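Student: The opening position of the sequence shown corresponds to residue 1 in full-length UniProt numbering, with each subsequent residue numbered one higher.
Where a beta carbon is used, it is the ideal one built from N, C-alpha and C, also for glycine.
None of the values given here were measured: they were computed from a predicted structure.
Have a look at this one.
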Amino acid sequence: MSIADHRLTQLQTLEAESVHVIREVAAESERPVLLFSGGKDSIVMLELARKAFAPARIPFPVMHIDTGLNFPEVLEFRDKRVAELGVELVVASVPDAIAAGTVRQEPNGSRNRIQTPVLLDAVEQHGFTALFGGARRDEDKARAKERMFSFRDEFGQWDPKNQRPELWDLYNGRTHLGESIRVFPLSNWTELDIWGYVLQEEIAIPPLYLARERDVVDRQGMLYAVNEFITPRDGEQVLRESVRYRTVGDANLTAAVRSTATSIEEVIAEIAVTRLTERGATRGDDKVSDAAMEDRKKEGYF
1 MSIADHRLTQ
11 LQTLEAESVH
21 VIREVAAESE
31 RPVLLFSGGK
41 DSIVMLELAR
51 KAFAPARIPF
61 PVMHIDTGLN
71 FPEVLEFRDK
81 RVAELGVELV
91 VASVPDAIAA
101 GTVRQEPNGS
111 RNRIQTPVLL
121 DAVEQHGFTA
131 LFGGARRDED
141 KARAKERMFS
151 FRDEFGQWDP
161 KNQRPELWDL
171 YNGRTHLGES
181 IRVFPLSNWT
191 ELDIWGYVLQ
201 EEIAIPPLYL
211 ARERDVVDRQ
221 GMLYAVNEFI
231 TPRDGEQVLR
241 ESVRYRTVGD
251 ANLTAAVRST
261 ATSIEEVIAE
271 IAVTRLTERG
281 ATRGDDKVSD
291 AAMEDRKKEG
301 YF
């Protein structure tokens with residue numbers, strides 16, 4: 001007689017932890033919201049939220065901070081997935097904030113920093129008390145510092161030297177009026193875990209994540225696809241390369257990587273041997289300084 005093996009796999013353990021965190025926030029927080037951009041991490045987070053409350057609907061809205069520079073394929077996927085799940089979508093628009101004069105466009109073309117006041121305004125307007133984010137600790141040194149439950153003061157700011165203890169997976173979500181909590185259910189996941197889960201659960205993703213031939217320009221060693229936000233500069237040559245995206249931020253500052261991976265299995269094989277994080281390999285907006293991400297998070301960034 002064989003004995004059943006009840007040990008959990010790595011992905012089952014991560015899934016159970018994330019589902020526990022999502023349910024804990026839903027129980028503790030008055031008005032949570034899930035940040036959903038249509039990228040792979042937020043796609044997995046939304047799927048975990050669906051599982052956490054199935055067969056009931058997800059009991060909170062999802063929100064996207066729309067910079068106006070998104071890949072069209074990602075926006076299309078966002079709207080399709082939200083419609084499938086029947087959840088409320090809140091869109092906070094950076095272009096609207098620029099037009100209203102509440103934020104100012106930066107000369108370098110990045111809208112990362114000016115997303116923050118738009119986010120904070122949306123949090124105040126809708127009364128959100130907890131925000132689920134798809135950040136993982138393996139992405140960036142600043143994100144590795146942050147706890148699963150990340151307290152933000154009445155100005156939306158984060159103090160990395162003053163974080164609440166999380167002993168034995170006990171989370172303190174208590175806030176006063178105006179304060180909020182950022183919650184990162186995927187903190188302990190890696191990029192490889194994300195793709196393994198996408199494969200295991202057969203989760204749909206935008207086609208940008210898979211390789212195909214695209215017109216690109218090489219800028220400081222990074223390959224940017226030619227699109228409505230990227231046009232060749234004087235002296236730049238348009239190349240035809242087989243590339244895919246490891247992350248999908250703003251289309252004007254997110255580079256692709258050379259790849260022949262046209263399936264999830266092939267993507268996993270590529271990620272398993274790489275030694276460079278996806279942000280380091282593809283995000284031009286993180287090249288400002290080594291502390292760029294931490295500076296933005298202190299100001300209220302995701």
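Measuring straight from C-alpha to C-alpha, what distance separates residue 19 and residue 162?
Tutor: As a working mapping, residue 19 is identified with position 19 in the sequence shown. As a working mapping, residue 162 is identified with position 162 in the sequence shown. If I take the Cα positions, the gap works out to 26 Å.
Student: Please state whether DSSP places residue 149 in a helix, a strand or coil.
Tutor: Sequence index remark: in the sequence shown, residue 149 carries index 149 (1-based). Strand.
Student: Just reading off the beta strand (DSSP E) that residue 224 is part of, what are its end residues?
Tutor: Residue 224 sits at position 224 when you count from the first residue of the sequence shown. Residues 222-225.
Student: Going straight from the alpha carbon of residue 197 to that of residue 11, what length do you get?
Tutor: Residue numbering aside, residue 197 sits at position 197 when the sequence shown is read from its first letter. Residue numbering aside, residue 11 sits at position 11 when the sequence shown is read from its first letter. About 7 Å.
Student: Would you identify the three-state DSSP class for residue 129, choosing helix, strand or coil?
Tutor: The residue labelled residue 129 in the question sits at position 129 within the sequence shown. DSSP places residue 129 in coil when its eight states are reduced to three.
Student: Can you tell me which of 245, 260 and 274 puts its alpha carbon nearest to the alpha carbon of residue 39?
Tutor: The residue you call residue 39 lines up with position 39 of the sequence shown. Residue 39 has its Cα closest to that of 245, out of 245, 260 and 274.
Student: Can residue 118 and residue 89 be called in contact, C-beta distance under 8 Å?
Tutor: Against the sequence shown, residue 118 aligns to sequence position 118. Against the sequence shown, residue 89 aligns to sequence position 89. No, the Cβ-Cβ distance between residue 118 and residue 89 is not below 8 Å.
Student: Give a yes or no on whether the C-beta atoms belonging to residue 195 and residue 136 are separated by under 8 Å.
Tutor: Taking the sequence shown and counting its residues from 1, the one referred to as residue 195 is at position 195. Taking the sequence shown and counting its residues from 1, the one referred to as residue 136 is at position 136. Result no, Cβ atoms of residue 195 and residue 136 do not sit closer than 8 Å.
Student: Give the DSSP-derived three-state secondary structure of residue 182 in the structure shown.
Tutor: Translated into positions along the sequence shown, residue 182 becomes position 182. In the structure shown, residue 182 sits in a strand (DSSP, three-state: E or B).
Student: Note down the Cα distance separating residue 57 from residue 6, rounded to an integer number of angstroms.
Tutor: Here residue 57 is taken as the residue at index 57 of the sequence shown, counted from 1. Here residue 6 is taken as the residue at index 6 of the sequence shown, counted from 1. The alpha-carbon atoms of residue 57 and residue 6 are separated by roughly 29 Å.
Student: What residues match up with residue 89 in a beta bridge as DSSP calls it?
Tutor: Walking along the sequence shown from the start, residue 89 turns up at place 89. According to DSSP, which records beta bridges pairwise, residue 89 is partnered with 62.
Student: Of the choices 139, 222 and 115, whose alpha-carbon is the least far from that of residue 275?
Tutor: As a first step, residue 275 must be located in the sequence shown, where it is residue number 275. Selected option, being the one with the closest Cα: 139.
Student: Decide yes or no for the touch test of the stretch 75-92 against the stretch 38-53: beta carbon pairs closer than 8 Å, at least 3 of them.
Tutor: A contact exists between the stretch 75-92 and the stretch 38-53.
Student: Cutting at 7 Å between CB atoms, please list the residues of its own chain near residue 175, excluding the five before and the five after it.
Tutor: If you number the sequence shown from 1, residue 175 lands on position 175. Correct list, in chain order: 129 and 181.
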